[in-house]
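Comments concern the structure below.
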Ligand code: SOE
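Written as structure tokens, this is what we have:
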């Protein structure tokens, strides 16, 4: 930190690179931050592409080698917006170089990698954060507040489903998301990591899991030059084997005695980014759907019986989490705002030396549940986390 500036380096410039750049830019405009994030340097292997990205988003400088970024003394924070197989090596080196870490989810390919990332971050005494961005959706934060107030009582059930459909087309190419070495797993890691993090945040720790996975399409066209992530690539030459699952169904037991289910798929035709949860308790229930992310459904047994039922709270009042920084009531917010909230909280945590969640410890906890799920899918047995 220098002259009240927190200097950021971003590694990666695809989908998450954009979402994070926007957040680093917007945070100090909407939040009163103790220090101002400065977009210092963007790093990517393709110089032309990273330069174009830097020009668009206002990154001051570019690098093509991430190790050079870590050597720079004008960088305070490393933002790891890379695919998960690259997190481990980069995070450990960056922590050793004394850089604070803002890391995309899932934290790592496997629990052993996440453990060494956590150890390196703790040894270096830096701030570390895993970007499970949906924790910072106002309606989700409100759900946590309502639970903490005891309004839905003792929790019995969690029901999470994260459904997308972007690879239903068999001609969708074999991108890095569909290969074990780069993605670790399919929707189980990509999408269930979000749901498991939300369940940890809202319900508590998970003790054991049973999981079933399925693969629907075994081979796909090899991606051509410049294949995009969310649409079919061009110039496919030949086919390659898909080495991750296409869907995952998991049942869990929480330490509290509650039980839960998780469904994660990229084959739910018509569902684009439907991240939902339902929580049922002794006094009421809460339901959320990311595709209607400003809303939270609440049922309360405290209401008179003749007026009971689910009501929809529009979480856009100034009293709702984060909303006072944005627009007047009813002027809804979107996907990118969760990233801005994460950046605002992270900047404050670095400046004030205070904790932030989810950190690498939470990220590791999440990976352990996911890994137990994959073990269970292999063995056909219930597995302890
Ligand atoms: C793609 O499946 C993806 O972008 C995930 O990787 C994100 O984590 C999720 O938030 C939206 O979908």
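Numbering (our numbering), first residue to last: -18 to 366. Glycine included, C-beta positions come from ideal geometry on N, C-alpha and C.
- Here residue 141 is near residue 257, since their CB atoms are less than 8 Å apart.
- Of all C-beta pairs linking the stretch 286 to 298 to the stretch 151 to 170, fewer than three are shorter than 8 Å, placing the two stretches out of contact.
- In terms of Cβ geometry, residue 21 and residue 36 do not form a close pair [threshold 8 Å].
- Taking non-hydrogen atoms of the ligand SOE into account, the C-beta of residue 320 is found less than 7 Å away from none of them.
- Short note on residue 254: C-beta closer than 7 Å to some heavy atom of the ligand SOE.
- If you check the C-beta of residue 172 against the ligand SOE, you find a heavy atom less than 7 Å away.
- If you check the CB distance, residue 166 and residue 233 do not come in under 8 Å.
- Around the beta-carbon of residue 357, 16 or more other beta-carbon atoms lie within 10 Å, marking it buried.
- The beta carbon of residue 13 is closer than 8 Å to none in its chain, skipping five residues each way along the sequence.
- The ligand SOE has a heavy atom closer than 7 Å to the beta-carbon of residue 145.
- The shortest CA-to-CA distance from residue 113 to any of 121, 107, 85 is the one to 85.
- Under the 10 Å beta carbon count, residue 269 is surrounded by 16 or more other beta carbons and is classified as buried.
- The Cβ-Cβ distance between residue 275 and residue 231 does not fall below 8 Å.
- In this structure, 183 is the residue among 284, -15, 183 with its C-alpha nearest to the C-alpha of residue 120.
- Beta-carbon to beta-carbon, residue 95 and residue 337 are separated by about 17 Å, too far to satisfy the 8 Å threshold.
- Within the same chain, and ignoring the five residues on either side of residue -7 in sequence, the residues whose Cβ sits closer than 6 Å to its Cβ are 62, 63.
- Assignment of beta strand (DSSP E) within the stretch 267 to 299, counting only whole runs of 3 or more residues, yields 276 to 281, 292 to 295 in chain order.
- Contact between the stretch 40 to 59 and the stretch 309 to 321 is not established, with fewer than three Cβ pairs separated by less than 8 Å.
- Closest option to residue 102, judged by alpha-carbon separation, among 340, 361, 354: 340.
- A contact is defined here as three or more CB-CB pairs under 8 Å, and the stretch 192 to 202 fails this definition with respect to the stretch 130 to 137.
- Judged by beta-carbon spacing, residue -13 lies beyond the 8 Å limit of residue 39, meaning their Cβ atoms are not closer than that value.
- Residue side-chain check: residue 346 keeps its Cβ at 7 Å or more from all non-hydrogen atoms of the ligand SOE.
- The closest heavy atom of the ligand SOE lies 7 Å or more from the beta carbon of residue 66.
- Each residue's CA atom was taken as its position, placing residue 345 and residue 287 some 46 Å apart.
- Residue pairing for residue 139: DSSP places it in a beta bridge opposite 241, 260.
- If you compare the alpha carbons of 143, 66, 77 with that of residue 48, the shortest gap goes to 77.
- The count of Cβ pairs closer than 8 Å, one atom from the stretch 120 to 129 and one from the stretch 236 to 253, stays below three, leaving the stretches out of contact.
- C-alpha of residue 223 to C-alpha of residue 251: approximately 22 Å in a straight line.
- In its chain, beyond the 5 residues on either side, -9, 34, 62 have a beta carbon closer than 7 Å to the beta carbon of residue -2.
- Counting only runs of 4+ residues, the alpha helix (DSSP H) found wholly inside the stretch 165 to 207 occupies 168 to 171, 173 to 183, in chain order.
- Rounded to whole angstroms, the gap between the alpha carbons of residue 327 and residue 54 is 20 Å.
- Between residue 299 and residue 170 a beta carbon distance of about 37 Å is seen, past the 8 Å cut, so the two are scored as non-contacting.
- Annotation for residue -4 indicates a beta carbon within 7 Å of some heavy atom of the ligand SOE.
- Residues 14, 18, 321, 324, 325, 328 of the same chain have their beta carbon placed closer than 7 Å to that of residue 8, with the five preceding and five following residues left out of the count.
- For residue 3, the uninterrupted alpha helix (DSSP H) segment begins and ends at -4 to 11.
- Per DSSP, reduced to three states, the secondary structure at residue 18 is strand.
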